[in-house]
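S.K.: I'd like to ask you about the structure that follows.
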Amino acid sequence: MLVNRKLILAHFWLAFGGFGLALLLGAWQMFVRSPLYAWISNPEWYYRSLTAHGTVMGYVFPTLVAMGFGYAITESALQQRLVGVRWAWAGFWLIVLGAVMAMVPVALGRASVLYTFYPPLIGNAFYYVGVVLVVVGSWIWVALMSINLRVWRREHPGEPVPLAMFANVAGSYLWAWTAVGAALELLLQIIPVALGWKTTIDAGLARVFFSWTLHAIVYFWLMPTYIAYYTIVPRAIGGRLYSDSMGRIAFILFLIVAMPIGIHHTFADPQVGAGFKFIHSAFTALVALPTLLTVFTICASVEIAGRLRGGRGLFGWIAVLPWKNPIMLAVAFSFVLLGFGGAGGLINMSYQLDTTVHNTQWITGHFHLIFGGAIVIMYFAIAYDLWPHLTGRALPDLRLARAQLWLWFVGMIVTTFPWHWVGILGMPRRMAYYDYADPAISPQAFSVTLSAIGAIILLISGLLFLFILATAHRQTATEAGAYRFSVAVHPPTTVPIALNTFALWVALMIGLTVTNYGYPIAVLASRPDTSVPAVYVGAQ
Amino acid sequence: MTVQDGHHGAEVAERTEKRWAMISIIIIVMLVLLAAFAGIHQATMPQARVETTDPARLHLSGEFVESNLGTAAEADGTVTVRAIGQQYSFTPSCILVPAQTPVTLRATSADVVHGILIQGTNVNTMLVPGYVSEQFMRFEKTGDHLMPCQEFCSFGHEGMWGKVKVIDKTEFASRAKNRGRLSCVGE
Amino acid sequence: MSAREIFSSRNPYFAISVGVVAGIFVLTAVGGFIILPYAQPELKFAGIWDVICSAAGLPQRSASSDAVQPVRRLSEVVLTPTTLAHPTQESIGRGATLAQRCAICHGPTGVSRADSPNLAGQYGIVIYKELVDFRSGARTNAVMAPFAVNLTDREIVDLAAYYAFLPRLPAYHPQQQLRKPRVVIYGAPIRGVAPCGSCHGSLDNKAGSPWLEGQSETYLKFQLHAFASGQRTNDISQQMRNIARAMTPQEIDEAAAYYASQPSEIVKATD
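Protein chains in written order, with the working numbering: chain G, 1 to 540; chain P, 541 to 727; chain R, 728 to 998.
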């Protein structure tokens, strides 16, 4: 029962609208820094655009998708009206306010510091305050998810929490704790300097705080995608979920080990001890476990669908899968991209291999492949799946949706594969232009051109996606029926209490943060002599 | 695999699942052991110590004063390169090192976060103001490398490219005789 | 099940998960804090505690080594972006009185009729740094040195405040405005030359770098050559020598001519 459709639609439309604009900026950036364009006459425009692209794609877009999807899950999986609708709207408007507040100084060129902040570079204070408001808005959502689950538990004592909601709440707790790192960096370090109350800042400590957020945020982005794998895909393609409890274990594992691994972003940094780098490297390996489990469970679930459709033999079930169904297509593409992206991630997490690619274009290629590829393609699938239930109208034409997904898949490969390659060649990140005429970097020119072409394909696909969603609102009304999630082969009747609650796992998450981050943060925070003068960007 | 219902099916499913979970764990343990093994056997390792310094006063005293930057031949046959990154250049802007010699790079930043990446090698480290970066390296072949700044350091970042020149060991030794600081600036 | 039952060793999920996580932490800690540091032969430690503290990242002050001392006097100014950020009215007033003796070369309004730099509206921190360097001998000039050598710290701050306060006036050597040459717009990336404006004001201002619009072409060219040849060395840690050395003589000519032709009022579009 989806009651608050307007609320959910508002989240999705703001998310996808911002996504469209940021995608446009991204494609423009790929184009102007490629050999297809003469050098840009003001490099600051490039960094300005990059700041806007990163801020919207990293903070605003996925947060809104997770929130909108979370509200939809609450109402449809728990079969109860959302408690705290006014608060939900307050959170939404806080995000609107924060996003606008952050984007105005960026648009004016007053905060071209990139979405990773990296002090001692300091931009306009409104940029950082805006980002904080976006996070605060999303924390309202976290609280609402928790409250709604509590309300449901009171009326259904002892019953297993539906997997979709269990995962959704796990994701919200992960986000609440993950965002604390950047929040501490912004509130304790950056904003006082941006407002002129302080003039020095510990750049090394800021990087440690940011790593707390920057890695686990990826798993927060991933949550809606994994929820879709487990609870939408099997139902949409006419199969069953292979295992409900394996799903729970996977989400619990994400909750525990997504967070205390962020120092692998600072392998090459001088302010973190080598011992902690090794610990984080090992824990980063652990985070592959829930993904490997998921790959197995989802492949098995898809196989069930294939067998139910009459597929025979070792691989015969693949051919009979409903390939015309956009969800089937999306999950296949997502898995392929996740496979490549995951392999790249295994390289980044080992600190010996990381030195070859650290801060090169490989890294940018990697996270575009994971986020833009594996994750966002499932956001598309979620939207396609939910839209008829939210609008009360069928999607205009599934052929268009399939074409859109194909374009995105091909565009992602054309963009990110050459991107990885130039990274191995040592091409540094975040430069407004490169001198491809120089013999030392001319071998990179062809690959960068390919990437730029890929970006244009992605832009076309993204615009097509928005077109499909927009035109869906003008289709003739149909009754889409209740929104349902997939059913497990063996639906759980009772679940061990540990797999039905979060207290233990949240405690472990916080405990591991203390062991893995406590000392590196405390030792730097307690020293007065590691702060350095702030450098105000665009000052004077 | 067929879709089986009932108690027996659930057991089969669980067994298969457990088997797969074991395989996943073995894969992960192998990866960690690989990382540890590579760490012991001569791969690039993260720097061993955290050292602090005052970026605004680098030019006044200590090892990062201008006249001490560049390559120094040490008594034990190794060389030490000292360098700084600043908006928007490295000093020395061209680093000279001998081939087939252990090299210790010590570097820091005078203002914002920069990075040193020597193309075609595994040398890749961040320069965070307030902290000293140290990395061991060794160049087998003579030749030139580009050394871009790999971290956004404000609007001149795209123009921050240094160079590394690897020369023959004996040639380096003859140039290092007066025990000064060497670089290939202006060559 | 209550919280007490969940967090009890009788709950297998609690016992196993906490045990496994703690086990992994201890194992990796032993590996990262003890085994791996010892496995690197190039590292020298003063005992087990030194090994553990180093691996944990306990900061140590960079050890003083026998540094090679400079042959020439170098700049000893400590610059931060907030140096001299808020001058007082009194300071500006005192600076105005002091500035009378600068007027012969730098003009009564801070705009030079000769080839001396225009100082009106220059960033205060720039005036401050150059005066301190002239006084110490880090920057040499036969005309400037006698003026600077007797200035007190406060007088230097006052002069900087005064000139920074003056409005930017049109220069005395106006020509038609030249088009931006390549080196000014783009620099020369592979040679390590960033766009001039990324430090000198039109894109951003690096603390201690002057804006250049409307300055004398002769002066600019002379200074660029002096940096390139190493004759002038008061740029901290070679920040300008690195750039000037990488510029071709033609680029130096173009950049000097371009900046001389620009009206100083347009300085800093991002003001």
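Note that CB positions come from ideal geometry on N, CA and C, so glycine has one too.
Helix, strand or coil for Y671 (chain P), going by three-state DSSP, please let me know.
M.R.: strand
S.K.: With respect to the beta strand (DSSP E) encompassing F166 (chain G), which residues constitute its N-terminal and C-terminal limits?
M.R.: Here F166 (chain G) belongs to no beta strand (DSSP E); instead the alpha helix (DSSP H) covers L163 to L184.
S.K.: So with Cβ pairs under 8 Å, would you call P428 (chain G) a contact of chain P?
M.R.: Among the residues facing chain P, P428 (chain G) is included, as its CB has a counterpart in that chain under 8 Å away.
S.K.: Per the contact definition of three or more C-beta pairs closer than 8 Å, is the region 270-278 of chain G in contact with the region 299-314 of chain G?
M.R.: no
S.K.: Taking 8 Å as the threshold, find out whether the region 874-881 of chain R comes into contact with the region 835-854 of chain R through three or more Cβ pairs.
M.R.: Verdict: no, contact absent.
S.K.: Can you check the region 206-287 of chain G for any alpha helix (DSSP H) of at least 4 residues that lies completely inside it and give the ranges in chain order?
M.R.: For the region 206-287 of chain G, whole alpha helix (DSSP H) runs of length 4 or above, ordered along the chain, are 233-236, 244-257 and 274-286.
S.K.: Step through the CB atoms of chain B and report whether any lies within less than 8 Å of the CB of I304 (chain G).
M.R.: Protein chains G, P and R are contained in the structure displayed, whereas chain B is not.
S.K.: Out of G:T449, G:I457, G:I279 and G:S146, which one is the CA nearest neighbour of L512 (chain G)?
M.R.: G:I279
S.K.: Between I468 (chain G) and L400 (chain G), is the Cβ-Cβ spacing less than 8 Å?
M.R.: yes
S.K.: With a CB to CB cut of under 6 Å and the five nearest residues on each side skipped, what residues in its chain are close to T542 (chain P)?
M.R.: Because T542 (chain P) sits at a pLDDT of 45, beneath the cut-off of 50, its placement in the model cannot be relied upon, and the following sentence gives the value as read from the coordinates. No residues qualify anywhere along the chain.
S.K.: Which word fits D793 (chain R), buried or exposed, when buried means at least 16 other C-beta atoms lie within 10 angstroms of its C-beta?
M.R.: exposed
S.K.: Going by DSSP in three states, Q796 (chain R) sits in which element: helix, strand or coil?
M.R.: coil
S.K.: Can you pull the chain P neighbours of D788 (chain R), defined as C-beta to C-beta under 9 Å?
M.R.: Note that residue 788 (chain R) is Arg in the sequence shown here, rather than Asp. The contacting residues are E591, T592 and T593.
S.K.: At the level of alpha carbons, what is the spacing between L825 (chain R) and D962 (chain R)?
M.R.: 26 Å
S.K.: At the 8 Å Cβ level, is Q965 (chain R) part of the contact set with chain P, yes or no?
M.R.: yes
S.K.: How would you call V552 (chain P), buried or exposed, if buried means at least 16 neighbouring beta carbons within 10 angstroms?
M.R.: V552 (chain P) counts as exposed, since fewer than 16 other beta carbons sit within 10 angstroms of its beta carbon.
S.K.: By the 10 Å Cβ neighbour count, where 16 or more other Cβ atoms means buried, how is V218 (chain G) classified, buried or exposed?
M.R.: buried
S.K.: Which residue's Cα is closest to the Cα of I456 (chain G): G:A445, G:V410, G:L499 and G:L64?
M.R.: G:V410
S.K.: Quick one: what's V621 (chain P) bridged to in DSSP?
M.R.: Partner residues in the beta bridge of V621 (chain P), as assigned by DSSP, are P:T611 and P:L645.
S.K.: Would you check if there are 3 or more beta carbon pairs closer than 8 Å linking the region 202-221 of chain G to the region 140-153 of chain G?
M.R.: no
S.K.: To the nearest angstrom, how far is it from the Cα of M677 (chain P) to the Cα of L353 (chain G)?
M.R.: 15 Å
S.K.: Nearest chain G C-beta to A578 (chain P) closer than 8 Å, yes or no?
M.R.: For A578 (chain P), a Cβ of chain G is located within less than 8 Å of the residue's own Cβ.
S.K.: Just the Cα atoms here: how many angstroms apart are L939 (chain R) and R906 (chain R)?
M.R.: 15 Å
S.K.: What separation, rounded to the nearest whole angstrom, lies between the Cα atoms of L7 (chain G) and S138 (chain G)?
M.R.: 14 Å
S.K.: By the 8 Å beta-carbon criterion, what residues does the region 697-712 of chain P contribute toward chain G?
M.R.: Close to chain G, meaning a Cβ-Cβ distance shorter than 8 Å, are the following residues of the region 697-712 of chain P: H697 and E698.
S.K.: Would Y628 (chain P) count as contacting chain G if we go by Cβ distances under 8 Å?
M.R.: no
S.K.: Rounded to whole angstroms, what's the CA-CA distance from A898 (chain R) to Y985 (chain R)? Just pull it up for me.
M.R.: 14 Å
S.K.: Helix, strand or coil: how does DSSP classify H927 (chain R) here?
M.R.: In this structure, H927 (chain R) counts as helix in the three-state DSSP scheme.
S.K.: Tell me, please, whether the CB atom of H490 (chain G) is closer than 8 Å to any CB atom in chain P?
M.R.: Yes, its Cβ sits closer than 8 Å to a Cβ of chain P.
S.K.: Looking at C-beta atoms only, is the number of pairs between the region 948-958 of chain R and the region 466-481 of chain G that lie closer than 8 Å three or more?
M.R.: no
S.K.: Just to confirm my understanding: we take V495 (chain G), look at its own chain, exclude 5 residues before and 5 after, and list those with CB closer than 6 Å. What are they?
M.R.: Answer for V495 (chain G): P160, listed in chain order.
S.K.: List the residues of chain R whose Cβ lies closer than 8 Å to the Cβ of L657 (chain P), in chain order.
M.R.: In chain order: nothing, as chain R lies at least about 14 Å away.
S.K.: Based on Cα-Cα distance, which residue from G:H264, G:A167, G:L184 and G:S34 lies nearest to D548 (chain G)?
M.R.: Outside the shown range of chain G, which is 1 to 540, sits residue 548 (chain G), and nothing can be said about it.
S.K.: Find out if the Cβ-Cβ distance for the pair P632 (chain P), S723 (chain P) is shorter than 8 Å.
M.R.: yes
S.K.: Counting only C-beta atoms, is D244 (chain G) closer than 8 Å to chain R at any point?
M.R.: Interface flag for D244 (chain G) against chain R is unset, since no Cβ pair is found closer than 8 Å.
S.K.: Leaving out five residues before and five after H265 (chain G) in sequence, what residues of the same chain have Cβ atoms less than 7 Å from its Cβ?
M.R.: Leaving aside the five residues that flank H265 (chain G) on each side, the residues in its chain whose CB is nearer than 7 Å to its CB run, in chain order, S211, L214 and H215.
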